[in-house]
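Counting from 320, one number per residue, gives the positions in the sequence shown under my numbering.
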Amino acid sequence: MKYIQHSSNLGEYMPVFFQMYLKVDGKIDLNSCLDRDFALFFHEYIHFLQDLTTTYGLTQCFYYGEYIQAAVNDIYKHDKGKFTIPIRYDEPAHHVKIADVITDTTMGDCNSDANEFNVVNVALDFIDNLPINCPEISHIYVVDVEPREGDFFSFGAYAIKESIAYIMERLVTKNYERSPEFPYCSAEKIVEYVFPELGKDILNVLALCDISLMFSNPAEVFYTTLIQLKRKKYIPNKPHDLYAQLKNAKVGSHGNLTGPFSHYKMVAEEARKKFESYFSIQMNNLKYIKHIMNG
320 MKYIQHSSNL
330 GEYMPVFFQM
340 YLKVDGKIDL
350 NSCLDRDFAL
360 FFHEYIHFLQ
370 DLTTTYGLTQ
380 CFYYGEYIQA
390 AVNDIYKHDK
400 GKFTIPIRYD
410 EPAHHVKIAD
420 VITDTTMGDC
430 NSDANEFNVV
440 NVALDFIDNL
450 PINCPEISHI
460 YVVDVEPREG
470 DFFSFGAYAI
480 KESIAYIMER
490 LVTKNYERSP
500 EFPYCSAEKI
510 VEYVFPELGK
520 DILNVLALCD
530 ISLMFSNPAE
540 VFYTTLIQLK
550 RKKYIPNKPH
560 DLYAQLKNAK
570 VGSHGNLTGP
580 FSHYKMVAEE
590 ARKKFESYFS
600 IQMNNLKYIK
610 HIMNG
């Protein structure tokens, strides 16, 4: 899974292995580079932070580690190291297959021709015919968006992450490159449709996106929280006040209910073990990653 901006002169960030590719001429000096180049770097760096400072991001890191562990164990089972690639796990009960299905479903659509759109309808739906054998997961909620009559896309974690990065890019830099409205303006468009008063301050949209990434299904949390705010007619005095919505939230973890921040710490610890065991990361980078996760 990787975040790819569709314009030919934008960038790409591949999570877990913490590698960025910036399509710029020559070396990049962040202290003296062009605004456009800095905007590119900043956008991708936001994705880097999303993978380390959110529960959803760290869960994906953990899933990568699970896949690598399973693949390595299978490779050792083959005579003289002979094996075919890609190594796939299609058994419905295999934990890697289950993780793949959860990720693909909650990530939502990554491509759409909705370069410019106005939301016609938004609905919370669920998928219950999942190709997995996992009694604990009978269905996964999805947010269906109709950008024009008869056309749909699934609003998920991918669009939420890109919405955050694009909002930040526009707030921090002057000469950013305009991106397609899907996925980069998806969150703003949904807020504008459901509860336009909240969206008058773009930082409210940013906070709502950020909050949603502290859960396993960000789009579900984004939409249900937005509906609750609308019903209460709640407009925060400042965007940071929206984080108070997390105080009473509960997350299922190993059969128990816990707060989202406690859950984040548990997921971070499991992800940290994967970093140290399976990923080739230089020690200085690992120290930096731990510092961010503990911050």
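Heads up, the beta-carbon is just placed ideally off N, CA and C, and yes, glycines get one too.
Query: Counting beta carbon pairs with one atom in the stretch 516-533 and one in the stretch 488-508, are three or more of them shorter than 8 Å?; Result: yes
Query: In three-state DSSP terms, what is I611?; Result: helix
Query: Give the secondary structure of L349 by DSSP, where H, G and I count as helix, E and B as strand, and everything else as coil.; Result: coil
Query: Establish whether the CB of D428 and some CB of chain D are separated by less than 9 Å.; Result: The chain inventory of the structure shown lacks chain D, comprising one protein chain alone.
Query: Near Y607, which residues of its chain fall below 6 Å by C-beta distance, leaving aside the five closest residues on each side in sequence?; Result: none
Query: Does the distance from the C-beta atom of K593 to that of G384 stay below 9 Å?; Result: yes
Query: What's the gap between the Cα of N328 and the Cα of I483?; Result: Any answer about N328 is weak, because its pLDDT of 47 lies below 50 and its placement is not dependable; what the coordinates show is given next. Near 20 Å, if we compare the C-alpha coordinates of I483 and N328.
Query: How about the stretch 355-364 and the stretch 455-465: do they share at least three Cβ pairs that are nearer than 8 Å?; Result: no
Query: Which whole-angstrom value is the C-beta distance of P502 and Y477, which I expect to be below 8 Å?; Result: 6 Å
Query: If you check the beta carbons only, do T425 and P579 fall under 9 Å apart?; Result: no
Query: Is the CB-CB distance between I486 and C528 below 9 Å?; Result: yes
Query: Helix or strand or just coil, what does DSSP make of S505?; Result: helix
Query: Rounded to a whole number of angstroms, what is the C-alpha to C-alpha distance between S326 and E496?; Result: For S326, the predicted model reports a pLDDT of 43, less than 50, meaning its position is unreliable; a value from the coordinates is still stated below. C-alpha separation (whole angstroms): 9 Å.
Query: Between the alpha carbons of H610 and Y364, how many angstroms are there, rounded?; Result: 16 Å
Query: Using the three-state DSSP reduction, which class does P466 fall into: helix, strand or coil?; Result: strand
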